[in-house]
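Protein chains in written order, with our numbering: chain Y, 39 to 320; chain C, 701 to 1343. Using N, Cα and C, we set each Cβ at its ideal position, and we do this for glycine too. The model shown is predicted, which means the values in this text are computed figures rather than measured ones. Encoded as structure tokens, the structure appears first; notes follow it.
Encoded structure:
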């Protein structure tokens, strides 16, 4: 009889402790849950450029130096059908029609984890979409000044694909040239050529006067100089790929002409950000 | 060498403490004379309380700071004009001599009566230092340079003082200061820590980094002290220290991570107030010299924050004196309810007071709506403040044992809450004082629940869970704050290229008369702080000079540049013989923004920028013979000497 109150008392103390633990745990969880998130995240550095997620895709840009955006987006990317025609992966109409439901969003806890992981270098930006049975994912893997962008498309059923293109936009004033031969694809005058030589030590080769090229031949690496932001971006072809410059749409296309019967397509693009032009092996 | 430079930051705390204590102890020797007896009433009784042992510390520090300031003012406005003594050598020599003498007094005093450090004092110091080390590690992770943006202007003043050009009004020393927000008190302390010899930019960075760490420890210690004094539970003191060190008030007060005049004032005030509270609890009063030291020094560290702190501290000291004479004073005046009423009335009235015109209209940029303040709170605390502070208030109202200290704490909470919430400009700065009380109530909210846990190890386990939560909140808050500062893999305001440019400027132009530098506000602010070369207003460049700079950037014609440079006006240096035009990637980015941002005191290009292709074309187009000479280039900056 004497022991019963002690046991009851102890049990009661433990119960109280448990309740306190649960309440405090809830308060602590609530405290963390209410934290504000950065305006844009994750954002990581690739050399002088930042890589971030935007409405239509992943972009390389420079913070506080607006106007220079180099974007990979499903709106410009394409698949090749059996007749060699390009089929866009997504259109603006699709994007508008799909609305917010297209983009799978992380819940608050996942977002908080992403913020922390990004700070410690464990998370890189990714862009995801789901539309009409298709799951689309652009991921980035940043390693110093090199960014490897990977696009994954998962269809609801297998299909025949004759090739695919992954694109990077460039600006109207950009100087775009073959990183090996130094052949320039965009319009450039004599004075500009002299400045490039003086500032970068490059002897760029323009097209003869009066000639222009809409789509360049197949290249292995293409570099971009933006007059308004420092640094040079270079897009390199990986094995089995070609790089094409389309000056009309202002796109650098990485093209893979391999034939696929599949429900999942993967393509990669490698971009390097340098302060100065880096020579490449021919 | 780095550690030695960082240790020099200790002098900001150590020197005034040594001087203050030395002078007080020295006066003690004359207390035997009867007419000094009332002047110096040192501890007659033996300390019973571990807290009481440290009670005089704020007063020693305060009197040390006051003596240093008075010495500086005396030389500047009396001795130097009267007898022509060099202010520089009179001030620095005098303070160091007095300091050495006082150090001798301290050493003798410690030798005769050693101070015993009990574990009750050592544990908080050890734990806070450990926590502070973790916080600093997180803070400097991928941030190799100090992120306290204001340090550049404080360093500018400190260097000017070291040159011997001391004035009481900061605006008369540098036109970076358009408004005298504080006297140059802490700048005297910096100058004492750095004199003689000019520190290189890298050494300055080491110094300020060391100072940040010491400041963080001081914030943690006073937070621990306050919480322990109010509730008298070790675990509450511990949690108070945790909250003090690990919560970064990242909206304009920046108390724990930025050493600023107002944050130093907040530390002095909070520590002193905790001791006052401790004395009140023990039915004692502080000797008048301890109280008056604190009351005197606070507004001399920062005018607005220090004055509010002084008034609050002074009011409670008077209350403590009256309470001794009228024991039932507290019961006759329901202060808590009066303050609640004052809060409501104050908040209603504040919306009708227009102070946006202050500081040339800059005040309007620093008036925030309730919605904005709510966002600040959630960035820092998540929902923690909403959940824990009410619990802490309930605990305070229900607790019968510590009615006086809790009652006073409630007054402080509601009082500072009202100030911060008021619809007036600059009030968020007062959160540097208020945060200690909000944290206290958050800790009491935790304790209000934790006190029911009977198993000690469970209590400490839960406390560790709270520490983990606060750490997680700190990480997200820090990342959020740093997010806009990403540059080439680092979160930073400056780059190695900025430091190289500063080193060039320091080596070639610092110390020369008549040299004036202009660049975009951020670049010149940074370079002036690092190199010592005078700029036209730093980050607070006046609108006219901003327009001139923009005209220069929009024209690559040397004649236009020469014409515009001749129109530049510096608030301090009237006739400059050599003008330096510094163009950085920031400058070109600044020149491209909208005019309202270019002219705004709040807008800056915060991160380093390298020069782009078009920028370099502009640079190489500009050089012209001896009139515009390119004297420095790097991928980040180009410097022209314009004659």
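When the Cα atoms are used, what is the spatial distance from residue i to residue j?
{"i": "residue 1140 of chain C", "j": "residue 839 of chain C", "result": "23 Å"}
{"i": "residue 258 of chain Y", "j": "residue 295 of chain Y", "result": "15 Å"}
{"i": "residue 90 of chain Y", "j": "residue 174 of chain Y", "result": "17 Å"}
{"i": "residue 271 of chain Y", "j": "residue 234 of chain Y", "result": "15 Å"}
{"i": "residue 1132 of chain C", "j": "residue 922 of chain C", "result": "13 Å"}
{"i": "residue 299 of chain Y", "j": "residue 125 of chain Y", "result": "16 Å"}
{"i": "residue 754 of chain C", "j": "residue 821 of chain C", "result": "9 Å"}
{"i": "residue 886 of chain C", "j": "residue 712 of chain C", "result": "8 Å"}
{"i": "residue 1337 of chain C", "j": "residue 1212 of chain C", "result": "21 Å"}
{"i": "residue 1152 of chain C", "j": "residue 998 of chain C", "result": "40 Å"}
{"i": "residue 1186 of chain C", "j": "residue 975 of chain C", "result": "43 Å"}
{"i": "residue 95 of chain Y", "j": "residue 1134 of chain C", "result": "44 Å"}
{"i": "residue 1237 of chain C", "j": "residue 1221 of chain C", "result": "8 Å"}
{"i": "residue 1304 of chain C", "j": "residue 1201 of chain C", "result": "19 Å"}
{"i": "residue 152 of chain Y", "j": "residue 1291 of chain C", "result": "35 Å"}
Which class does residue i belong to by DSSP, given the choice of helix, strand or coil?
{"i": "residue 192 of chain Y", "result": "strand"}
{"i": "residue 306 of chain Y", "result": "strand"}
{"i": "residue 1236 of chain C", "result": "coil"}
{"i": "residue 1292 of chain C", "result": "coil"}
{"i": "residue 859 of chain C", "result": "helix"}
{"i": "residue 1243 of chain C", "result": "helix"}
{"i": "residue 1215 of chain C", "result": "strand"}
{"i": "residue 990 of chain C", "result": "helix"}
{"i": "residue 1083 of chain C", "result": "coil"}
{"i": "residue 300 of chain Y", "result": "strand"}
{"i": "residue 807 of chain C", "result": "helix"}
{"i": "residue 226 of chain Y", "result": "coil"}
{"i": "residue 201 of chain Y", "result": "strand"}
{"i": "residue 1328 of chain C", "result": "strand"}
{"i": "residue 1312 of chain C", "result": "coil"}
{"i": "residue 1272 of chain C", "result": "coil"}
{"i": "residue 1231 of chain C", "result": "helix"}
{"i": "residue 755 of chain C", "result": "coil"}
Drop a sphere of 10 angstroms on the beta-carbon of residue i, count the other beta-carbons inside from all chains shown, and report buried for 16 or more, exposed for fewer.
{"i": "residue 120 of chain Y", "result": "exposed"}
{"i": "residue 1315 of chain C", "result": "buried"}
{"i": "residue 884 of chain C", "result": "buried"}
{"i": "residue 301 of chain Y", "result": "exposed"}
{"i": "residue 49 of chain Y", "result": "exposed"}
{"i": "residue 196 of chain Y", "result": "exposed"}
{"i": "residue 320 of chain Y", "result": "Residue placement at residue 320 of chain Y cannot be trusted, given a pLDDT of 44 that sits under 50; what the coordinates show is reported in the next sentence. That one is exposed."}
{"i": "residue 858 of chain C", "result": "buried"}
{"i": "residue 745 of chain C", "result": "Model confidence at residue 745 of chain C stands at a pLDDT of 45, short of 50, so the residue's coordinates are unreliable; what they give is reported in the following sentence. The residue in question, residue 745 of chain C, is exposed, as its Cβ has fewer than 16 Cβ neighbours within 10 Å."}
Shorter than 8 Å from the beta carbon of residue i to some beta carbon of chain D?
{"i": "residue 1305 of chain C", "result": "Of the protein chains in this structure, namely Y and C, none is chain D."}
Which residues bound the beta strand (DSSP E) around residue i?
{"i": "residue 176 of chain Y", "result": "172 to 181"}
{"i": "residue 284 of chain Y", "result": "279 to 284"}
{"i": "residue 126 of chain Y", "result": "124 to 126"}
{"i": "residue 272 of chain Y", "result": "270 to 274"}
{"i": "residue 1347 of chain C", "result": "Residue 1347 of chain C lies beyond the residue range present for chain C, which begins at 701 and ends at 1343; the question has no answer from this structure."}
{"i": "residue 111 of chain Y", "result": "Where residue 111 of chain Y is concerned, there is no enclosing beta strand (DSSP E), given that its DSSP letter is neither H nor E."}
On a CA-only basis, which of the options is nearest residue i? Give me that one, please.
{"i": "residue 829 of chain C", "options": "C/1105, C/916 and C/1303", "result": "C/916"}
{"i": "residue 875 of chain C", "options": "C/1313, C/1252, C/1259 and C/1218", "result": "C/1218"}
{"i": "residue 1106 of chain C", "options": "C/1051, C/1167, C/977 and C/1004", "result": "C/977"}
{"i": "residue 1022 of chain C", "options": "C/831, C/758, C/985 and C/1074", "result": "C/985"}
{"i": "residue 1344 of chain C", "options": "C/1084, C/819 and C/919", "result": "Nothing about residue 1344 of chain C can be read from this structure; chain C reaches only from 701 to 1343."}
{"i": "residue 122 of chain Y", "options": "Y/288, Y/201, Y/237 and Y/218", "result": "Y/201"}
{"i": "residue 1277 of chain C", "options": "C/1231, C/1326 and C/1342", "result": "C/1342"}
{"i": "residue 59 of chain Y", "options": "C/1146, C/1319, C/1251 and C/1331", "result": "C/1146"}
{"i": "residue 910 of chain C", "options": "C/846, C/940, C/798 and C/880", "result": "C/846"}
{"i": "residue 246 of chain Y", "options": "Y/266, Y/262, Y/223 and Y/239", "result": "Y/223"}
{"i": "residue 837 of chain C", "options": "C/805, C/1148, C/1175 and C/1063", "result": "C/1175"}
{"i": "residue 181 of chain Y", "options": "Y/274, Y/162, Y/157 and Y/143", "result": "Y/162"}
{"i": "residue 1102 of chain C", "options": "C/1204, C/929, C/1318 and C/812", "result": "C/929"}
{"i": "residue 1309 of chain C", "options": "C/1287, C/1299 and C/1322", "result": "C/1287"}
{"i": "residue 1150 of chain C", "options": "C/1137, C/1095 and C/1192", "result": "C/1095"}
List the endpoints of the continuous alpha helix (DSSP H) containing residue i.
{"i": "residue 971 of chain C", "result": "961 to 981"}
{"i": "residue 77 of chain Y", "result": "Run containing residue 77 of chain Y: none; DSSP gives neither H nor E here."}
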